[in-house]
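Visitor:
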Amino acid sequence: MRSTVHGAGDAAVWDVAYPDRPSRMAGVAFAGFCRGETAADHRLVPHASVIVALDFGAGPSIVEDAAGGRFQGSLVGGLGYSGSVRVRGENIACVQVRLSPVVARAVLDVGPADLGGAVVRLDDLWGRRASLISERLSETSSWDDRFALVETLLADRYEDRAAADPEVVRAWDRIVAARGRLRVETLAAELGWSRKRLWARFAAQIGLPPKRAAKLVRFDRAAHRLSAGQDAARVAADGGYTDQSHLHRDVMAFAGVTPATLAEESRRTTAALAEPAGPLRRPARGGSASGNAGRAVVARPGPAWAMCAQ
Numbered sequence: 000m001r002s003t004v005h006g007a008g009d010a011a012v013w014d015v016a017y018p019d020r021p022s023r024m025a026g027v028a029f030a031g032f033c034r035g036e037t038a039a040d041h042r043l044v045p046h047a048s049v050i051v052a053l054d055f056g057a058g059p060s061i062v063e064d065a066a067g068g069r070f071q072g073s074l075v076g077g078l079g080y081s082g083s084v085r086v087r088g089e090n091i092a093c094v095q096v097r098l099s100p101v102v103a104r105a106v107l108d109v110g111p112a113d114l115g116g117a118v119v120r121l122d123d124l125w126g127r128r129a130s131l132i133s134e135r136l137s138e139t140s141s142w143d144d145r146f147a148l149v150e151t152l153l154a155d156r157y158e159d160r161a162a163a164d165p166e167v168v169r170a171w172d173r174i175v176a177a178r179g180r181l182r183v184e185t186l187a188a189e190l191g192w193s194r195k196r197l198w199a200r201f202a203a204q205i206g207l208p209p210k211r212a213a214k215l216v217r218f219d220r221a222a223h224r225l226s227a228g229q230d231a232a233r234v235a236a237d238g239g240y241t242d243q244s245h246l247h248r249d250v251m252a253f254a255g256v257t258p259a260t261l262a263e264e265s266r267r268t269t270a271a272l273a274e275p276a277g278p279l280r281r282p283a284r285g286g287s288a289s290g291n292a293g294r295a296v297v298a299r300p301g302p303a304w305a306m307c308a309q
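Here numbering that gives the first Met the number 0 is used: position 83 in the sequence shown is 82, and no number is missing along the way.
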């Protein structure tokens, strides 16, 4: 596993753990987040993924959305949720599952179009089963075992359900591979569809029209680079933006802050922004979920992290 501690000095309060091998479920990625007794209050950056946060922390973590809703426990964030979403609390611990929108329905029974970019309680989707997962995670002592547990619980659901239509999967994969720098007309021509048909089929299954999805993927890539401290002008030039003002407008639209503020907030809290899931290629069935979960090693800055044992 890869492990990082984000922040500097007294602000180094986020521990982020990753499996050292990809999930055997294509279009699915995991990370572990842990925070001690220092209270959190930070923005959740939108991603080009549907986000599932499986909460098992000792303290109450509160998520507030742009509409003023307050949520606790395990949550699902729809594709491209507002950058006005914030998380507050202490003693936070969760396994984050990032789902490519083309496999979200197969895993959740709810597609990104149904979520509509909103934050919803996992209990509202899965009922008591969501609470049972949190209980099992809280009883599990290592990130290795937590990742394996979640992968095992999701694998049967994933393999027994269809992903999006093959043409929509192909369209999403092309957008991601091109990092959002792909014209809708070009994409429609590659599929042999009209622009209108592509818009309707894609939006019905992904939850966003193709042009908006491409902008989100491009923003996601830019957010990674800004969080890594790269210069905004270079990020704009390399990311397909017409100029730095264009980047500024897109970051404001998705995150609700300027590129400089986005970069600073990410450095002060957590810059654990995973890349959008790559092309969807289902692996062969079979094999051990736990065997493919990868070895996890967590670096802990102090005794407040006892709840986040390795």
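The beta carbon of each residue, even a glycine, is placed where N, CA and C say it ideally should be.
To the nearest angstrom, report how far apart G26 and L246 are at their CA atoms.
Guide: For G26 and L246, the distance between alpha carbons rounds to 27 Å.
Visitor: Helix, strand or coil for S22? Go by DSSP, reduced to three states.
Guide: Reduced to three states, the DSSP call for S22 is coil.
Visitor: Where are the beta strand (DSSP E) runs, 3 residues long or more, that stay fully inside the stretch 76 to 111, in chain order?
Guide: Runs of the beta strand (DSSP E) inside the stretch 76 to 111: 85 to 88, 92 to 98.
Visitor: Nearest-angstrom Cα distance between R69 and R127?
Guide: Their backbone Cα atoms lie some 20 Å apart in a straight line.
Visitor: Which residue or residues does DSSP assign as beta-bridge partners of H41?
Guide: BP columns for H41 point to V86.
Visitor: What's the gap between the Cα of P252 and the Cα of R211?
Guide: The sequence as given places Ala at residue 252; Pro does not occur at that position. Cα to Cα, A252 sits roughly 11 Å from R211.
Visitor: Taking the alpha-carbon positions, what's the S193 to R200 distance?
Guide: Rounded to the nearest angstrom, the two C-alpha atoms are 11 Å apart.
Visitor: Nearest to V119 by CA position, among R23, G77, E184, is which residue?
Guide: Closest by alpha carbon: G77.
Visitor: What residues are listed by DSSP as bridge partners for I61?
Guide: BP columns for I61 point to Q71, R87.
Visitor: Quick one: what's A30 bridged to in DSSP?
Guide: Answer by DSSP bridge pairing, in chain order: Q95.
Visitor: Is the Cβ-Cβ distance between A150 and S22 less than 8 Å?
Guide: Strictly speaking, residue 150 in this sequence is Glu, with Ala absent from that position. A contact, by the Cβ cut-off of 8 Å.
Visitor: Using only the alpha-carbon positions, how far apart do P81 and G115 sit?
Guide: According to the sequence displayed, residue 81 carries Ser and not Pro. Using only the alpha carbons, I get a separation of about 11 Å.
Visitor: How far does the beta strand (DSSP E) with V51 in it extend, from its first residue to its last?
Guide: Its beta strand (DSSP E) spans residues 49 to 54.
Visitor: Leaving aside the five residues before and after A170 along the sequence, list all residues of the same chain whose C-beta is less than 8 Å from its C-beta, in chain order.
Guide: These residues qualify, in order along the chain: L186, L190, L197, F201, P209.
Visitor: Alpha carbons only, please: which of Q229, D113, R217, V84 is nearest the one belonging to T241?
Guide: Ranking Q229, D113, R217, V84 by Cα distance to T241 puts R217 first.
Visitor: For the alpha helix (DSSP H) containing V216, list its first residue and its last residue.
Guide: That run of the alpha helix (DSSP H) goes 209 to 226.
Visitor: Quick check: what's the CA-CA separation for G285 versus D144?
Guide: With a pLDDT of 38 at G285, under the threshold of 50, the predicted position of this residue should be treated as unreliable, though the coordinate-derived value follows. Rounded to whole angstroms, G285 to D144 spans 19 Å at the Cα level.
Visitor: For the beta strand (DSSP E) that R120 lies in, which residues bound it at each end?
Guide: It spans 118 to 120 - the beta strand (DSSP E) in which R120 sits, taken as one unbroken run.
Visitor: So the candidates are D230, H41, G31, A105; which of them puts its Cα closest to the Cα of E264?
Guide: Among D230, H41, G31, A105, the Cα nearest to that of E264 is on H41.
Visitor: Locate the alpha helix (DSSP H) running through W171, then write down its first and last residues.
Guide: From DSSP, the alpha helix (DSSP H) with W171 extends over 165 to 176.
Visitor: Would you kindly report the start and end of the unbroken alpha helix (DSSP H) that includes W192?
Guide: No alpha helix (DSSP H) holds W192; DSSP gives it neither H nor E.
Visitor: Using the C-alpha atoms, what's the distance from V106 back to E89?
Guide: Distance between the alpha carbons of E89 and V106 is about 29 Å.
Visitor: Which word fits P282, buried or exposed, when buried means at least 16 other C-beta atoms lie within 10 angstroms of its C-beta?
Guide: Caution applies to P282, whose pLDDT of 38 falls short of 50 and renders its modelled position unreliable; the model cannot decide the point.
Visitor: State the DSSP-derived secondary structure class of G157, mapped to helix, strand or coil.
Guide: With the sequence shown as reference, residue 157 is identified as Tyr, and Gly is not the correct amino acid for it. Looking at Y157 - three-state DSSP - the assignment turns out to be helix.
Visitor: Between G255 and the rest of its own chain, which residues show a CB-CB distance below 6 Å, the 5 nearest in sequence each way excluded?
Guide: Hits under 6 Å: G82, S83.
Visitor: Only counting the same chain, and skipping five residues up and downstream in sequence, which positions put a Cβ closer than 7 Å to that of A65?
Guide: Contacts found: S81, S83, V84.
Visitor: Taking M24 and L153 to be in contact with their CB atoms under 8 Å, please state how far apart those CB atoms are, rounded to whole angstroms.
Guide: That belief holds up - the Cβ atoms of M24 and L153 are roughly 7 Å apart, short of 8 Å.
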